[in-house]
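Plus 2 on top of the position in the sequence shown (first one is 1) and you've got this note's numbering.
We put the CB at the ideal spot given by N, CA and C, even for glycine.
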Amino acid sequence: MTTSRYLADYVLTCNADFSLLKNAALDVADGRISWVGERSEAPPHEGSTIQLGGLLMPGLVNSHAHTPMTLVRGAGDGLPLMDWLTKVMWPREGQMTSEDALWGMRLGAAEMLLSGVTSTCEMYLFEEALVEASQDVGIRLVMTPGIISALHGDSFGATDNRIAAIADFHAQHHDPDTLVTVGFGPHSAYDLPLELCSEVASAARDLDALLHIHVCETQDEGAALEAQHGGESTIEILAQHGILDGKVLAAHSVWLNETDMEIYAQKRVRVAHCPVSNMKLASGTAAIQAMRAKGIDVGLGTDGPASNDDLDLWQEIKISPLLARVTELDASSMTPQDALTMATVEGSRAI
Numbered sequence: 003m004t005t006s007r008y009l010a011d012y013v014l015t016c017n018a019d020f021s022l023l024k025n026a027a028l029d030v031a032d033g034r035i036s037w038v039g040e041r042s043e044a045p046p047h048e049g050s051t052i053q054l055g056g057l058l059m060p061g062l063v064n065s066h067a068h069t070p071m072t073l074v075r076g077a078g079d080g081l082p083l084m085d086w087l088t089k090v091m092w093p094r095e096g097q098m099t100s101e102d103a104l105w106g107m108r109l110g111a112a113e114m115l116l117s118g119v120t121s122t123c124e125m126y127l128f129e130e131a132l133v134e135a136s137q138d139v140g141i142r143l144v145m146t147p148g149i150i151s152a153l154h155g156d157s158f159g160a161t162d163n164r165i166a167a168i169a170d171f172h173a174q175h176h177d178p179d180t181l182v183t184v185g186f187g188p189h190s191a192y193d194l195p196l197e198l199c200s201e202v203a204s205a206a207r208d209l210d211a212l213l214h215i216h217v218c219e220t221q222d223e224g225a226a227l228e229a230q231h232g233g234e235s236t237i238e239i240l241a242q243h244g245i246l247d248g249k250v251l252a253a254h255s256v257w258l259n260e261t262d263m264e265i266y267a268q269k270r271v272r273v274a275h276c277p278v279s280n281m282k283l284a285s286g287t288a289a290i291q292a293m294r295a296k297g298i299d300v301g302l303g304t305d306g307p308a309s310n311d312d313l314d315l316w317q318e319i320k321i322s323p324l325l326a327r328v329t330e331l332d333a334s335s336m337t338p339q340d341a342l343t344m345a346t347v348e349g350s351r352a353i
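Here it is in structure tokens:
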């Protein structure tokens, strides 16, 4: 067993009480934290000791990202979501190569590590390149290979074959001990047929894998789908088709009503909250505290750097409480502790 002891002036635990330990020690055995507390109470130790000083805290978790978009950072500024996707992003991504994605992910992973993000949940193409890049840089990766109708064909493979390809990718790369976890990333129910989304959800459940999907990001994205189903909400439709069963991470979830949130709570759906991206694209404000009050786990995400401009999760930690307070006209509606919990403990549970 390989053990290391890290010494810090302070350890912020980010537990329920937000305990702050002074003159603290943290032991790591074979890559896992085995003990944390004040040095005076530390157990005997025979491994290496690293003097850090300063403050030691859990790594941040980016619960929703498209990190290789570092290569198209800022493209399409000023456009609403659908125009931004169809006129700017998807045409550019359709020209990307695996080598592009490799370097875009390396750059983005380095940016995240520099700002304290140690885990990221990615929905993207070129999944092999993203695994290679994440292991090069040393960041924990939850890889949910994307399924996007506009980009499938040619080098990406037809959507009919994509599910089997992702299952094979899961068999090859899913290994949390090597910092790689694999799920499925169907883009959205407005981009893909419900039947395909349902099939992907079933495949994810068969492997006990995460289903990572964009849901209700803008006010009107589900209008056509809802009109086809007698005015039922997008969430009700997804639930009826089994798409919310299993381990589901619903990115954005901005435009939910009370019934939608009850369905999330019942199905134990997790949410990735991306306030900066939602603000930049004028998508709306998610009712995060109402969801958390129902027991829904909410993590914070940067979304892609093309709709955020960077991958610094501290921005989301700052903006989330401010946005909640100004929306609810209540300065106590979300605390800094709430935001930091979402960026660490809840984000980890969400992904």
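DSSP on residue i, reduced to helix/strand/coil?
{"i": "Ser322", "result": "helix"}
{"i": "Gln291", "result": "helix"}
{"i": "His47", "result": "coil"}
{"i": "Gln97", "result": "coil"}
{"i": "Asp208", "result": "helix"}
{"i": "Val184", "result": "strand"}
{"i": "Arg1", "result": "Past the boundaries of the shown model lies residue 1; the chain is included only from 3 to 353, so the question cannot be answered."}
{"i": "Asp177", "result": "strand"}
{"i": "Gly301", "result": "strand"}
{"i": "Glu223", "result": "coil"}
{"i": "Glu228", "result": "helix"}
{"i": "Glu234", "result": "coil"}
{"i": "Gly349", "result": "helix"}
{"i": "Gly106", "result": "helix"}
{"i": "Met281", "result": "helix"}
{"i": "Ser157", "result": "Bear in mind that a pLDDT of 46 at Ser157, under 50, signals an unreliable position, so the number given afterwards is only what the model happens to contain. Three-state DSSP puts Ser157 in a helix."}
{"i": "His172", "result": "helix"}
{"i": "Asn257", "result": "Just to set this straight, residue 257 is Trp in the shown sequence, not Asn. Looking at Trp257 - three-state DSSP - the assignment turns out to be coil, as it is neither helix nor strand."}
Going by beta carbon distance, what residues of the same chain come within less than 7 Å of residue i, once the five residues before and after it are set aside?
{"i": "Asp311", "result": "Arg75, Gly76"}
{"i": "Leu342", "result": "Cys16, Ile319"}
{"i": "Ser21", "result": "Thr15"}
{"i": "Leu104", "result": "Ala131, Glu134, Ala135"}
{"i": "Thr346", "result": "Cys16, Pro60, Leu62, Val63"}
{"i": "Val184", "result": "Met145, Phe171, His172, His175, His176, Ala211"}
{"i": "His66", "result": "Cys123, Ala253, Ala274, Cys276, Gly303, Asp305"}
Beta-carbon within less than 8 Å of residue i's beta-carbon, same chain only, minus the 5 sequence neighbours each way: which residues are those?
{"i": "Leu325", "result": "Pro277, Met281, Thr287"}
{"i": "Gly159", "result": "Confidence in Gly159 is poor, its pLDDT being 47 and thus under 50, which makes the residue's placement unreliable; the coordinate value appears in the next sentence. Here the set comprises Ala167."}
{"i": "Asp156", "result": "Unreliable placement is indicated for Asp156, whose pLDDT of 45 sits below 50; the coordinate value is still reported in the next sentence. The answer is none, since no qualifying residue turns up."}
Suppose contacts are defined by Cβ-Cβ distances below 9 Å. Is residue i in contact with residue j by that definition?
{"i": "Ala211", "j": "His176", "result": "yes"}
{"i": "Ser190", "j": "Glu223", "result": "yes"}
{"i": "Arg272", "j": "Ala352", "result": "yes"}
{"i": "Gly78", "j": "Asp85", "result": "yes"}
{"i": "His254", "j": "Leu196", "result": "no"}
{"i": "Ala31", "j": "Ala10", "result": "no"}
{"i": "Glu113", "j": "Leu313", "result": "yes"}
{"i": "Arg108", "j": "Thr122", "result": "no"}
{"i": "Pro82", "j": "Leu283", "result": "yes"}
Give me whichever residues DSSP pairs with residue i in a beta bridge.
{"i": "Ile35", "result": "Val30"}
{"i": "Arg7", "result": "Asp29, Thr51"}
{"i": "Ala252", "result": "Ile215, Val273"}
{"i": "Ser121", "result": "Val63, Arg142"}
{"i": "Ile149", "result": "Pro188"}
{"i": "Tyr12", "result": "Lys24, Leu57"}
{"i": "Tyr126", "result": "Pro147"}
{"i": "Glu40", "result": "Ala26"}
Near residue i, what residues of its chain come up, given a Cβ to Cβ distance below 6 Å and the 5 sequence neighbours on each side ignored?
{"i": "Ser279", "result": "Asp305, Ser309, Asn310"}
{"i": "Thr329", "result": "Thr287"}
{"i": "Arg41", "result": "Asn25, Ala27"}
Given a threshold of 16 other Cβ atoms within 10 Å of its Cβ, counted over all protein chains shown, does residue i qualify as buried or as exposed?
{"i": "Glu1", "result": "Since the displayed the chain opens at 3 and closes at 353, residue 1 lies outside it and no answer follows."}
{"i": "Leu258", "result": "buried"}
{"i": "Val217", "result": "buried"}
{"i": "Lys249", "result": "buried"}
{"i": "Asp262", "result": "buried"}
{"i": "Arg164", "result": "buried"}
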